[in-house]
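Participant: Take a look at the following structure, please.
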Amino acid sequence: MTLYLIDLYKNEAIIQRHVTDHVSILSEIVTGELKQVVSDLLFLSEYSAEYQEHRANYHQYESVREAELKYYIAFSKNRKIYDQIRFLELTGEEMLRVRYNDGQPAEVPKSQLQSVAPDIFPEIAKLSMGEIYMSPFSLSVENGEITIPLKPNIQLGMPIFCKDNQKMGIILLDYSGERLLRHFTRMLIDAPGQIMLLNADGYWIKSGNSTDEWGFILKERQDRQFQNIFPEEWQRISTHETAQFISANGLFTFLTLYPHTLIQHPLDDSNLSQTDYWKIVSYVPSDILYEESQNFLNKLIIIYIPLIIFIGIGALMLSLINRRRQLAEQHLREQYISYARFIPHEFLKLLKKRRFTDIKLADHIQQDMTIFFSDIRSYTKLSESMSPRETFHFLNTYFMQVDPVIKKNSGFIDKFIGDAIMAIFPESPHDALSSVIEIKHQLDIYNEGRKQAGYHPVQVGFGLHCGEVTLGTVGTPNRMETTVIGDTVNLASRIESLTKVFKVDIIFSDCVYNRLPENHGFNVREIDTVRVRGKQRPVVLYEAFDTNEPTVLEEKRRGLPLFQQAIAYYKAGDFGKAMALFNQCQELCPEDTLPPIYIKRCNALLRVPPGPDWAGISTL
């Protein structure tokens with residue numbers, strides 16, 4: 002019996018700690034998500050204020066509206082979490098609206114613009130400068146009907162003021178609540194029991210059973226409230242901020258969230274604690290809570306009754322051993338976490354190893370992969386004005402912008418080389434190119450923050466090449482590290498260095514280009530053919546210019562046929578025709594850095610013609 006009780010308390014304590022961690026983590030995730038949405042709203046409001054003031058001062062309604070619309074579309078495409086972004090007139094009529102459209106943001110035609118719901122607009126219209134409106138969790142409505150499938154959302158809005166404190170309009174975001182609720186679904190994968198989100202009236206916003214959700218909106222589900230199933234437990238949950246308790250039904254762990262406290266100036270703080278809150282609740286039924294201990298007791302009754310006295314004496318020893326085991330496990334976990342900071346988990350998987358301790362010196366594999374190199378432009382100049390502490394903070398902040406995007410696109414960082422990054426994409430060159438373009442867009446937003454803080458923006462060059470590499474470990478038995486070696490790695494590094502020569506953001510090889518799907522969707526052009534010293538096969542280089550400013554991007558698209566023909570003349574040795582076309586490209590897009598380079602080359606080759614073996618190949 003003593004051993005049974007020890008096991009019972011141990012399992013109970015483990016589950017209690019487990020669910021407490023889940024509830025705390027969800028609270029941090031939800032709070033962080035909403036803080037980011039509020040930050041986005043404040044960020045957009047500043048830009049909208051500038052656009053509207055410019056419109057009022059210069060009476061350029063359509064041009065300013067078009068510029069603001071493009072910015073909203075770019076912001077929606079990059080953030081991916083807003084179903085709609087709207088700007089409203091002071092009458093409540095929509096001036097413009099951008100819909101996310103599953104990753105293809107677009108303007109809603111003027112003929113479809115409408116007035117905002119009368120229960121929302123007056124609340125926002127009466128706000129003062131800096132105040133923010135946040136709606137309760139709701140479901141998207143189109144033409145007066147709830148959309149099917151259900152689309153949870155939260156609306157946030159605030160008025161826009163000009164410099165003389167005159168209201169000019171209202172900005173309104175429709176945040177996709179499905180993104181926030183998805184975290185609850187993920188947490189259920191390894192959580193015992195259920196994890197749910199309730200509103201102040203005990204209705205489910207998120208439940209293990211989707212048919213119980215949204216009873217406060219859907220009439221056919223109005224009777225589905227937490228208190229109808231757990232009346233005694235709800236009495237305790239609804240009157241306390243946070244707690245953990247065991248009732249006849251099982252283990253309940255809960256925490257209260259006040260989403261409106263994330264707003265800088267709530268409309269009325271006095272009523273928040275009574276009406277505007279959510280409850281994150283974990284529920285572990287009794288049968289799950291005591292399942293392991295009950296199985297253990299059954300074994301004791303059947304097998305170990307003759308040994309009860311002996312087991313009782315040994316219980317203390319087992320407890321001490323268990324404590325030592327826990328300490329040993331904790332030490333191993335800490336070691337594992339420490340190793341993981343230096344050796345990526347993806348590296349283990351590629352080497353087909355289960356644990357870091359399985360890695361041996363000279364373990365290696367050969368495999369086709371895409372190699373990614375990036376380098377900060379003028380890093381020395383940037384770092385000269387910083388102390389060592391500031392330099393480390395700057396680099397770590399920059400790396401934290403890049404790492405999540407690489408992981409999201411099925412890659413991982415192999416090493417940091419000063420300010421440079423080397424990353425590996427084992428699956429597809431498409432993943433690598435998608436990652437580079439997303440990183441550049443992420444850095445554009447990061448640079449906006451740096452500009453507002455008075456810092457220089459960070460400019461980065463990216464190079465990609467794919468081919469067979471050797472991935473493994475090098476060093477000595479006492480000191481070794483993981484690495485990736487091969488001509489593919491060296492060429493990827495050299496290709497990245499050419500971004501400084503051509504003054505472009507992204508360059509990749511023909512190997513990457515040839516492995517992209519036919520309808521890859523990237524904006525790409527051939528820019529040169531080079532031969533690496535000591536190698537016979539030339540390499541065709543391409544630029545991806547998706548990250549250019551919208552006007553430059555459009556001008557390059559229009560001039561692409563001219564540019565391609567000019568490159569063809571250049572390779573054929575017809576430098577006069579090539580130079581004429583490059584001059585036309587320069588006139589069409591003055592910001593394009595490549596035509597001046599080729600104009601200079603053509604001039605030099607016209608003065609000193611090349612030999613008969615000319616093939617338009619440069620030596621790298």
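Start counting the sequence shown at 2; every next residue gets the next number (this note's numbering).
Just so it is clear, CB atoms sit at the ideal spot from N, CA and C, and this is done for glycine as well.
Note that the structure is predicted; figures quoted are calculated from it, not measured.
#1: Compare the Cα-Cα distances from S386 to each of Y456, I438, V31 and report the closest residue.
#2: Restricting to Cα atoms, I'd like to know which of N448, H394, V505, K361 is closest to T477.
#3: Which same chain residues, not among the five before or five after L290, have their C-beta less than 7 Å away from its C-beta?
#4: Suppose the cutoff is 6 Å on Cβ atoms and the five residues either side in sequence are ignored; what does the same chain contact list for R180 look like?
#5: Closest by CA to L349, which one among T32, I86, T474?
#6: Going by CA-CA distance only, name the one from T21, S46, N79 that's closest to H442.
#7: Measure the CB-CB distance between I218 and I147 and report whether it falls below 9 Å.
#8: So the candidates are R98, G104, I121; which of them puts its Cα closest to the Cα of S112?
#9: Starting from D288, trace the alpha helix (DSSP H) in both directions and tell me its first and last residue.
#10: Give a yes or no on whether the C-beta atoms belonging to G412 and D432 are separated by under 9 Å.
#11: Which residue marks the beginning of the beta strand (DSSP E) containing S141, and which one marks its end?
#12: Extract the residue ranges of the beta strand (DSSP E) inside the region 434-500, only unbroken runs of 3 or more that lie entirely within it.
#13: Per the DSSP calculation, Y284 is bridged to which residue(s)?
#14: Would you tell me roughly how many angstroms separate the C-alpha atoms of S274 and L263, rounded to the nearest one?
#15: Ignore the nearest five residues each way along the sequence and tell me which others in F503's own chain have a CB closer than 8 Å to its CB.
#16: In terms of residues, what are the limits of the alpha helix (DSSP H) holding S384?
#17: Please state the DSSP three-state secondary structure of Q228.
#18: Taking the alpha carbon of E47 as the point to measure from, which residue in N200, P123, Y73 has its own alpha carbon closest?
#19: Alpha carbon to alpha carbon, what distance is there between T500 and I507?
#20: Should A75 and P551 be called a contact, given that it needs their Cβ atoms to be closer than 9 Å?
#21: Runs of 4 residues minimum, wholly inside the region 68-155: which ones carry the alpha helix (DSSP H) assignment?
#22: For E428 and G535, I'd like the C-alpha separation in whole angstroms.
#23: Helix or strand or just coil, what does DSSP make of F564?
#24: Could you tell me how far apart the beta carbons of E90 and G158 are, in whole angstroms, since I believe they sit closer than 8 Å?
#25: Between M197 and S211, how many whole angstroms is the CB-CB distance? I'm expecting something under 8 Å.
#26: Since I believe I600 is in contact with L542 (beta carbons under 8 Å), could you give me their beta-carbon distance rounded to a whole number of angstroms?
#27: Apply the 10 Å Cβ neighbour rule to V24 and answer buried if 16 or more other Cβ atoms are within range, or exposed otherwise.
#28: Taking 9 Å as the threshold (C-beta atoms), are I407 and H1 in contact?
#29: What's the gap between the Cα of H55 and the Cα of R516?
#30: Give me, in chain order, the residues of the same chain whose beta-carbon lies closer than 7 Å to that of G487; leave out the 5 immediate sequence neighbours on both sides.
#31: My understanding is that L140 touches K152, with C-beta atoms under 8 Å, so please give their C-beta distance in whole angstroms.
#32: Helix, strand or coil, according to DSSP, for T262 in the structure here?
#33: Under 9 Å, do G194 and V461 count as touching if we go by C-beta distance?
#34: If you draw a straight line from the C-alpha of E108 to the C-alpha of A50, how long is it?
#35: What are the start and end residues of the beta strand (DSSP E) that includes G170?
#36: Under 8 Å from any heavy atom of the ligand FAD, does the C-beta of S77 make it?
Facilitator: Taking the structure as given:
#1: Y456
#2: K361
#3: Only E13, I16, G251, L252 meet the Cβ criterion.
#4: Taken in chain order, the residues that qualify are I82.
#5: Ranked by how close their Cα comes to the Cα of L349, the residues T32, I86, T474 have T474 in first place.
#6: N79
#7: yes
#8: Here the closest residue by C-alpha is R98.
#9: 287-290
#10: yes
#11: Boundaries cannot be given for S141, as no beta strand (DSSP E) includes it and DSSP labels it neither H nor E.
#12: Here the runs fully enclosed are 461-476, 481-486.
#13: Q195, F253
#14: Per-residue confidence for S274 stands at a pLDDT of 44, beneath the threshold of 50, marking its modelled position as unreliable; no derived number is given.
#15: I528, D529, E544, T594, L595, I598
#16: 380-385
#17: In the structure shown, Q228 sits in a helix (DSSP, three-state: H, G or I).
#18: Y73
#19: 7 Å
#20: yes
#21: 122-126
#22: The straight-line gap separating the alpha-carbon atoms of E428 and G535 is approximately 29 Å.
#23: F564 falls in the helix class under three-state DSSP.
#24: Not confirmed; about 13 Å, so no contact.
#25: With a Cβ gap of about 11 Å, M197 and S211 do not count as contacting.
#26: Contact check for L542 and I600: beta-carbon distance about 18 Å, past the 8 Å limit, so the pair fails to qualify.
#27: buried
#28: Lying outside 2 to 621, the shown extent of the chain, residue 1 is not represented and no answer is given.
#29: Answer to the nearest angstrom: the Cα atoms are 47 Å apart.
#30: For G487, same chain residues with a beta-carbon under 7 Å away, outside a window of 5 residues either side, are E469, V470, T471 in chain order.
#31: 6 Å
#32: helix
#33: no
#34: 20 Å
#35: 168-177
#36: In terms of ligand content, the structure shown is empty, and the ligand FAD therefore cannot be addressed.
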